[in-house]
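To keep things clear, I will list the structure first and then write my remarks on it.
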Amino acid sequence: MTPEHLPTEQYEAQLAEKVVRLQSMMAPFSDLVPEVFRSPVSHYRMR
Numbered sequence: 032m033t034p035e036h037l038p039t040e041q042y043e044a045q046l047a048e049k050v051v052r053l054q055s056m057m058a059p060f061s062d063l064v065p066e067v068f069r070s071p072v073s074h075y076r077m078r
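Numbering of the sequence shown is given in this note's numbering, commencing with residue 32 and proceeding in unit increments.
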């Protein structure tokens with residue numbers, strides 16, 4: 032992935048998928064909803 036080809040239009044869907052995955056992994060230990068801190072959409076995959 033290069034800075035010229037970042038899928039920024041997929042950011043919200045990828046973030047939502049990540050939150051669901053984290054909640055299902057943590058379900059046996061906690062029923063709390065994780066607090067999500069969004070990254071700026073530009074260059075979010077280049078950290």
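Even for Gly, the Cβ is constructed at its ideal location relative to N, Cα and C.
- When only Cα atoms are considered, Met57 and Phe68 end up about 18 Å apart.
- Residue Leu53 holds the alpha-carbon nearest to the alpha-carbon of Pro65 among Ala44, Ser73, Leu53 and Pro59.
- Annotation for Ser73: no alpha helix (DSSP H) segment contains it, and DSSP assigns it neither H nor E.
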